[in-house]
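Okay, so here's the structure we're looking at.
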Amino acid sequence: MSIALEADRLTKTYGAVRALDDFSITIPAGGVFGVLGPNGAGKSTLFRIALGLVRPTSGSASLFGAPAGDIRALRKVGAMIETPRYPAYLTARDTLKMLALESGAKNADIDGWLERVGIAHAADRATSGFSVGMKQRLGLAAAFFTKPELVILDEPTSGMDPAGIQEIRALIVDLAQREGVTVILASHQLDEVKRVCDRVAILSKGKIAAEGAVNALTAGDVRLRITAASPIAQVLAVLGTKGVADGSDAVLADIRREETPALIRSLVEAGVEITEARWREADLEGVYLRTLENSQPPLEGAA
Amino acid sequence: MLADAIAAERFRLLRDRSALFWGFCFAPLVGFLLSVAGDLFLRYVSKRPPPDITAGLIDQVIHVLQNGASTFGALFLMIGAAAVLASDYRWETWRLLTPRNTRQNLLLAKLIVVGEAVFWSLSLTALLSALAVLIGSVIDGRALTFSMFDRNLFDVVGVLAITWLEAMTLAALAACVGVLSRSTMGVVIACLGVRFIQTVLASSLRLMEQGQPSWKLLAIPVFDADLLRATLLDPGQLGAASGSAGVALAALVAWVAVLATGAVFLFRRQDLTKE
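Listed in order, the protein sequences are those of chains Y and P. 1 is the number of the first residue of the first sequence in my numbering; add one for each residue after it. 1 is the number of the first residue of the second sequence in my numbering; add one for each residue after it.
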């Protein structure tokens, strides 16, 4: 199995801030790999190190076996890091022409890609007048148009309308499945990640909090959702550490299925008026939030 | 690879009309317009009789070229150089470029393209100053000769080359300052300041010294360029100082090489966290 991106005990500090903390990951070539995490989790830093934009404080990273920043490996990579910016005086077509010249990609299909990302109509307009969504689309064209083997995308659909998001999502899946491009995707849109990615890693405070196939990660997150006419605090008191409020009027119980009758009995005996109890299917959002919750250090003074 | 970076940078500068105009065309155009306007003023407004002197075409071109990298000329050249060398920090576009070529090539390409633009700017200066002399002679009715001091086109090329090298010491400095300050304004201000200080220092030291210039003077690019131009045009007047021309040339080349290498060294080590 060939490896697209590998990080080995990577640490990056910015002053007192530790963006990556002894971080290791291996992302195989092929498919779409999702990188999740709250702002400041270290996603962009990981990408910037891989692309040679910043140097790690310690540890190492490699792309296709070559050290991060090696231009031979980088020429196999397309990337869009954070909100793309362009020289304001260049048109969309000129921006891609300039990047093609820089890469030595003389036969790059510039017009084809402008068409494919849906901004062919604005090809000769200066990018200074582009909306955020159009800039994102141009950034995607810039990432893909030199036919890379690996594409790193940081929030590729941010600022796009729902139709645009769907369009770009289809494009990413198409490139990964039909053209064999490896895609590493960071996004806060968990629904998008679930639809597009085969595997994900959840980052928290510069470390990996969870990693695995999307199906495997979500399979373990099936919980009993209990709604009651009684106060939530009363339900939580019975459940103890196994219960958590789900943000609405219900409580999620983290128990095994065979424990259900005993739990219901305990609740009834405690005087809880249960109105509904059903097993909730897992979703990536639940896994994500729970993983982050578990990865937080306990508050000072807490038991 | 370096050729790719140069082609990309050249393509980009040709699209950046603002940098092209203000940085590399404005000063030659202003010089031309002021010269013609001055002749028109003398002829039609002040109505003085035309001075009874012959205008030397080549002499005037050389005179204008000698001042091509003066503080006024440097101001505009540095505006252009800053746009090329430091605008990727301003536009936050290094993240688009650095994965496509080596950092060394990216920065050297910028410096080479600045060098090309400075060359064309000085050539435009020469061309327009020649045109101004021709127009001036028509307006004033002055006699026109090729050169009154037996100078030829090789002298023009020589002065252009020396002034270009002088300007390139500032361009290489601009590359260093651009990387360190990540600011186009920082480049312009720092380079102008250095240019001004050089002029003051060179004049002051020259007043205090006799005969062969000291190493302190030879370490000042402005002095080196003046010495080289004087050696080329009027070696007889220099006396003992003309023997230092070789050192002056080496000093100019060394400044460009050291500053360019420093800029590349700094850029290769720089974290592009947020450009």
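Even glycine gets a Cβ: it sits at the ideal position worked out from N, Cα and C.
Under the 8 Å criterion on CB atoms, Y:ALA88 is classed as interfacial with respect to chain P. The beta carbon of P:LEU124 sits closer than 6 Å to those of PRO28, all from its chain and outside the five residues before and after it, given in chain order. Buried is the label assigned to P:SER244, since at least 16 other Cβ atoms lie within 10 Å of its Cβ.
For the pair P:ALA202 and P:ARG151, the Cα-to-Cα distance works out to about 27 Å. Rounded to whole angstroms, the gap between the alpha carbons of P:THR102 and Y:SER2 is 25 Å.
Rounded to the nearest whole angstrom, the CA to CA distance from P:LEU75 to P:VAL188 is 7 Å. A Cβ-Cβ contact shorter than 8 Å links Y:LEU185 with Y:GLY34. Excluding its 5 nearest sequence neighbours in each direction, Y:GLU293 has no C-beta neighbour in its own chain below 6 Å.
Beyond the five residues adjoining it in sequence on each side, Y:TYR89 comes within less than 8 Å, by CB distance, of ALA126, SER128 in the same chain, given in chain order. Inter-segment contact for the segment 247-259 of chain P and the segment 31-48 of chain Y is absent: fewer than three beta-carbon pairs are separated by less than 8 Å. Beyond the five residues adjoining it in sequence on each side, P:LEU180 comes within less than 7 Å, by CB distance, of LEU266 in the same chain, given in chain order. Among the residues facing chain Y, P:ARG182 is not included, as its CB has no counterpart in that chain under 8 Å away. For Y:GLU211, the nearest beta carbon of chain P is not closer than 8 Å to its own beta carbon.
When DSSP states are grouped into helix, strand and coil, Y:GLU293 belongs to the helix group. Taking all protein chains in view, the Cβ of P:ILE197 is surrounded by fewer than 16 other Cβ atoms within 10 Å, so the residue is classified as exposed. Annotated three-state conformation of Y:SER60 is strand, per DSSP. Closest in alpha carbon position to P:LEU173, among P:SER18, P:GLY23, P:LEU111, is P:LEU111. Counting only residues of its own chain and dropping the five nearest sequence neighbours on each side, Y:VAL235 has a CB closer than 8 Å to the CB of ILE226, ALA228, GLY243, VAL251, LEU267, VAL272. Beta-carbon to beta-carbon, P:GLY158 and P:LEU40 are separated by about 32 Å, too far to satisfy the 8 Å threshold. Put simply, of Y:ALA120, Y:ASP283, Y:ALA201, Y:ALA41 the residue whose alpha carbon is nearest the alpha carbon of Y:ALA213 is Y:ALA201. In terms of Cα proximity to P:ALA190, the closest of P:LEU170, P:LEU228, P:ARG206 is P:LEU170. Counting along the chain, no alpha helix (DSSP H) covers Y:ILE274; the unbroken beta strand (DSSP E) around it starts and ends at 274-280.
Looking at the DSSP output, Y:LYS194 shares a beta bridge with no other residue. No residue range can be given for P:PHE146, since it is assigned to no beta strand (DSSP E) and is classified by DSSP as neither H nor E. Around the beta carbon of P:GLN66, 16 or more other beta carbons lie within 10 angstroms, which makes this residue buried. A straight-line Cα-Cα distance of about 36 Å links Y:VAL117 and P:GLY23. The shortest CA-to-CA distance from Y:LEU203 to any of Y:ASP21, Y:ALA237, Y:PRO67 is the one to Y:ASP21.
For Y:PHE145 against Y:LEU96, the beta-carbon gap comes to about 6 Å, under 8 Å, which counts as contact. Close to P:MET1, with beta-carbon spacing below 9 Å, are these residues of chain Y in chain order: ILE71, GLY104. Under the three-state reduction of DSSP, Y:ALA186 is assigned to strand. Contact between Y:LEU217 and Y:VAL287 holds: their C-beta atoms lie close to 5 Å from each other, under 8 Å.
Counting only runs of at least 3 residues, the segment 96-155 of chain Y fully encloses the following beta strand (DSSP E) elements, listed from N- to C-terminal order: 150-154. The segment 51-62 of chain Y makes contact with the segment 9-21 of chain Y: 3 or more CB pairs, one atom from each, lie closer than 8 Å. Flagged as an interface residue toward chain P: Y:ARG48, by a C-beta distance shorter than 8 Å. Chain Y has a Cβ within less than 8 Å of the Cβ of P:TRP91. Here Y:ILE202 is bridged, per DSSP, to Y:LEU36, Y:ALA210.
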